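One structure below.
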Amino acid sequence: DYNINRFAKILKNLDYNNFSIQISGKNYIIEIKRFKKFKEIYDIQKLNEILSQSDESIIKALARGAFLGRGSINNPKNGYHLDMIFDNVEYANIIKNELLKYNIDMKLLVDKNFVLYLKDR
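Just so you know, our numbering puts 122 at position 113 of the sequence shown, and the rest follows in order with no gaps.
Here it is, written out as structure tokens:
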């Protein structure tokens with residue numbers, strides 16, 4: 010078992026002070042708000058140039074990174090449901106289109122964010 014205080018200490022040492030930790034049974038959910046010192050850079054053109062190389066390893070890395078950074082999977086007792094939440098529709102569409110090349114047809118839901126989701130059939 011991990012000590013949740015250890016995670017909190019690590020986050021504070023990294024200067025992440027705006028986070029919350031929820032405990033549900035043996036599960037921990039750590040939500041980190043935007044890091045104030047971090048400036049997000051959206052370079053869609055550069056990303057499209059990289060993806061145009063059609064290198065399968067790049068596309069797989071992009072999909073893994075998107076899921077690790079933005080994704081979740083629900084409890085399988087209710088049927089599988091995978092989603093990734095984006096705050097930029099262009100990035101959501103890039104991920105959607107790249108996954109479609111591998112016959113993974115995610116749907117885009119526009120809410121307060123842009124949600125790509127896939128339900129078990």
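Cβ coordinates follow ideal geometry from the N, Cα and C atoms, glycine included. Computed from a prediction, not measured in an experiment: that's the story for all the values here.
Excluding the five sequence neighbours on either side, which residues of its own chain have a C-beta within less than 7 Å of the C-beta of S29, listed in chain order?
To locate residue 29, count along the sequence shown from 1; it is residue 20. For S29, where only same-chain residues beyond five positions count, the Cβ hits under 7 Å are E40.
Alpha carbon to alpha carbon, how far is Y100 from I32?
Sequence index remark: in the sequence shown, residue 100 carries index 91 (1-based). Sequence index remark: in the sequence shown, residue 32 carries index 23 (1-based). C-alpha separation (whole angstroms): 31 Å.
Quick one: what does DSSP say Q62 is sitting in, helix, strand or coil?
Taking the sequence shown and counting its residues from 1, the one referred to as residue 62 is at position 53. Here Q62 sits in coil by DSSP.
When you compare only the Cα positions, how much space is there between L125 and G80?
Locating residue 125 in the sequence shown gives position 116, counting from the first residue. Locating residue 80 in the sequence shown gives position 71, counting from the first residue. Going by the C-alpha atoms only, they are around 9 Å apart.
For I104, which residues from the same chain have a beta carbon less than 8 Å from its beta carbon, with the 5 sequence-adjacent residues on both sides left out?
Position 95 of the sequence shown holds residue 104. Same-chain partners within the cutoff: L71, A72, A75, M93, F95, M115, L125.
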